[in-house]
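Chemist: Position 20 of the sequence shown, counted from 1, bears residue number 269 in my numbering, the numbering being contiguous throughout. Attaching a single structure in structure tokens format; questions to follow.
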Amino acid sequence: MSSDPAPSPATSAITAGRAASGRALAPALWASSTWESESLDDAHRRATSVRHGDFYSRYCNPTVRSFEEAIAALEGAEESLAFASGMGAIATTVLALCSAGSHVVAQRQLYAGTLAFLHGPCARLGIETTLVDVATPGAFAEAVRPGRTMLVIAESPSNPLLELADLDELGSIRGPFTVVDATFATPLGQRPLDHGVDLSLHSATKGIAGHNDATLGVVSGDADLLADLWAYGVLHGATPSPFDALNALRGVRTLGVRTRQQNDSARSIAVALGDHPSVGTVHYPGLSDHPQHELASRQLLQYGTVLALDLGDRDAVVDLLDRVELCRVATSLGGPETLLCHPASSTHASLDESDRAAMGITPGLVRMSVGLEETTDLLADLERALPPR
Ligand code: PLP
Numbered sequence: 250m251s252s253d254p255a256p257s258p259a260t261s262a263i264t265a266g267r268a269a270s271g272r273a274l275a276p277a278l279w280a281s282s283t284w285e286s287e288s289l290d291d292a293h294r295r296a297t298s299v300r301h302g303d304f305y306s307r308y309c310n311p312t313v314r315s316f317e318e319a320i321a322a323l324e325g326a327e328e329s330l331a332f333a334s335g336m337g338a339i340a341t342t343v344l345a346l347c348s349a350g351s352h353v354v355a356q357r358q359l360y361a362g363t364l365a366f367l368h369g370p371c372a373r374l375g376i377e378t379t380l381v382d383v384a385t386p387g388a389f390a391e392a393v394r395p396g397r398t399m400l401v402i403a404e405s406p407s408n409p410l411l412e413l414a415d416l417d418e419l420g421s422i423r424g425p426f427t428v429v430d431a432t433f434a435t436p437l438g439q440r441p442l443d444h445g446v447d448l449s450l451h452s453a454t455k456g457i458a459g460h461n462d463a464t465l466g467v468v469s470g471d472a473d474l475l476a477d478l479w480a481y482g483v484l485h486g487a488t489p490s491p492f493d494a495l496n497a498l499r500g501v502r503t504l505g506v507r508t509r510q511q512n513d514s515a516r517s518i519a520v521a522l523g524d525h526p527s528v529g530t531v532h533y534p535g536l537s538d539h540p541q542h543e544l545a546s547r548q549l550l551q552y553g554t555v556l557a558l559d560l561g562d563r564d565a566v567v568d569l570l571d572r573v574e575l576c577r578v579a580t581s582l583g584g585p586e587t588l589l590c591h592p593a594s595s596t597h598a599s600l601d602e603s604d605r606a607a608m609g610i611t612p613g614l615v616r617m618s619v620g621l622e623e624t625t626d627l628l629a630d631l632e633r634a635l636p637p638r
């Protein structure tokens, strides 16, 4: 038996998901939407197998499968299942596991698309949602209605305020399935399954793909549960494109070095802006005075590539966004360019003012996704764009 230590996840990411590549170092792009059958018996076997790779791309695609295998390796999961977007992953998961009359417990501080899905289509279909505050200990478990609650949904760190759900607490809930949207952490920054959570979910559009060139979602967990998601997903049809899976798999190769640089910069920026007179609260779990810093240190493997700043009012945000030159104004996160967004006008624009206020999203809040630029250049850009000290 080898006594060599297992390679670190960042090292595994360089070759993960390569089982089907033979001697090629890069995975093949299987653009085909369909495969020939040898006979009717063979067609029947392919049509009735779970995730047969050579049948029809909505059921399974070898390039997508390579991406899924890479993510499963990084998540420490039996299986992963990819979707056409993060929302495709969320919608499929909820609708695969819930029916009319089901109850869902969800975190109040969620990406607005997830909230809109729960409050719109899910409510219309008779799936009821109870929202809980993520920072209240025991809130998820207390809201569970035995026999009725099918799903507990958390997002950690949350969009846009980087609030954390206690993953050990979630993992100890019995009865409903637990799912954590871990998009903001990437699989190198957090492993929800290690805490006993049933499903770890990502918008792979963000840090996993990492280059703003793929729209993709992925869910990881036990093979049996993922087979259920797959069976519904084949009908729901939020199927990933093999082109996007190829781009995302290329992104996975450099996930370690990208997130390390982005984490280091994010932390430096959070510290530097923490004492800027024009910046109010800096939300970043890596700061020692962050209210959940102890929890962050316990469950995050990296503090993250995103931070949020409160500038006081909307006018101050408009000034900053007008004056930055290196940082760009766009939604999304985890890519090579540093992006600034105003959640009240973009990611959370669909909510009304009072719902945003209940989530802590003020008119002066700016979210920053830190990219791969040199930290000194980013700091110089921000110092120039903010009012002088
Ligand atoms: N989950 C989180 C935390 C997000 O921030 C987003 C999008 O911003 C999504 C899910 C949805 O992902 P996608 O845009 O890939 O559908």
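Backbone N, C-alpha and C fix where the C-beta goes; we use that ideal spot for every residue, glycine too.
Along the chain, where does the beta strand (DSSP E) containing residue 470 start, and where does it finish?
Modeler: Run containing residue 470: 466 to 470, per the beta strand (DSSP E) assignment.
Chemist: Rounding to the nearest angstrom, what Cα-Cα distance links residue 489 and residue 430 in this structure?
Modeler: Straight-line Cα distance between these residues: approximately 18 Å.
Chemist: What residue does the alpha helix (DSSP H) around residue 542 start on, and which one ends it?
Modeler: Segment 542 to 548, the alpha helix (DSSP H) holding residue 542.
Chemist: Distance check for residue 408 and residue 373, CA to CA, integer angstroms please.
Modeler: Their backbone Cα atoms lie some 25 Å apart in a straight line.
Chemist: List the endpoints of the continuous alpha helix (DSSP H) containing residue 510.
Modeler: Where residue 510 is concerned, the enclosing alpha helix (DSSP H) stretches over 504 to 523.
Chemist: Can you name, in chain order, every residue of its own chain whose Cβ lies under 7 Å from the Cβ of residue 486, other than the five neighbours on each side?
Modeler: Correct list, in chain order: 307.
Chemist: According to DSSP, simplified to helix, strand and coil, what is residue 610?
Modeler: Three-state DSSP puts residue 610 in coil, outside helix and strand.
Chemist: In this structure, does DSSP put residue 577 in helix, strand or coil?
Modeler: Three-state result, residue 577: strand.
Chemist: With contact counted as at least three CB pairs below 8 Å, one residue from each stretch, are the region 323 to 334 and the region 344 to 351 in contact?
Modeler: No, the region 323 to 334 is not in contact with the region 344 to 351.
Chemist: Using 7 Å as the threshold, is the C-beta distance between residue 630 and residue 576 below it?
Modeler: Their beta carbons are under 7 Å apart, which means residue 630 touches residue 576 by this criterion.
Chemist: Who are the Cβ neighbours of residue 316 in its own chain at under 7 Å, not counting the five residues just before and after it?
Modeler: Excluding sequence neighbours, residue 316 sits near 266, 331, 494, 497, 498.
Chemist: Following the continuous beta strand (DSSP E) through residue 430, name the residue where it begins and the one where it ends.
Modeler: First-last of the beta strand (DSSP E) with residue 430: 426 to 430.
Chemist: Measure the C-alpha to C-alpha separation of residue 503 and residue 289 and round it to an integer number of angstroms.
Modeler: Cα-Cα distance, rounded: 43 Å.
Chemist: What whole-angstrom Cβ distance do residue 456 and residue 583 have, given they're in contact under 8 Å?
Modeler: Between residue 583 and residue 456 the Cβ distance is about 3 Å, and since that is below 8 Å, they are a contact.
Chemist: Candidates 622, 598, 580: which alpha carbon is nearest residue 616's?
Modeler: Residue 580 is the option with its Cα nearest to residue 616.
Chemist: For residue 424, which residues in the same chain have their Cβ closer than 7 Å to its Cβ, ignoring the five residues on either side in sequence?
Modeler: If we look at residue 424 and ignore the five residues flanking it on each side, its Cβ neighbours are 393, 395, 398.
Chemist: Quick one: grab the DSSP three-state call for residue 261.
Modeler: Residue 261: helix per DSSP, three-state reduction.
Chemist: Check residue 305 in the structure and name its three-state DSSP category.
Modeler: It is a strand residue.
Chemist: Taking the continuous beta strand (DSSP E) assigned at residue 555, which residues delimit it?
Modeler: Taken as a continuous stretch (DSSP letters only), the beta strand (DSSP E) holding residue 555 covers 555 to 559.
Chemist: Measuring only from the beta carbon, is residue 308 closer than 6 Å to any heavy atom that is part of the ligand PLP?
Modeler: Flag unset: Cβ of residue 308 not near the ligand PLP.
Chemist: With a threshold of 7 Å on Cβ separation, who are the neighbours of residue 512 within its own chain once the five nearest residues in sequence on each side are excluded?
Modeler: 551, 552, 553, 554.
Chemist: Does residue 472 pass the burial test, meaning 16 or more other C-beta atoms within 10 Å, or should it be called exposed?
Modeler: Exposed, because fewer than 16 other Cβ atoms sit within 10 Å of the Cβ of residue 472.
Chemist: Are residue 359 and residue 418 touching if we call contact CB-CB under 7 Å?
Modeler: It is not a contact, given that the beta carbons lie outside the stated cut-off.
Chemist: At a cut-off of 6 Å, would you count residue 303 as near the ligand PLP, judging by its Cβ distance to the nearest heavy atom?
Modeler: False, no ligand heavy atom lies under 6 Å from that Cβ.
Chemist: Between residue 334 and the ligand PLP, is the CB less than 6 Å from at least one heavy atom?
Modeler: Yes, Cβ of residue 334 sits closer than 6 Å to a heavy atom of the ligand PLP.
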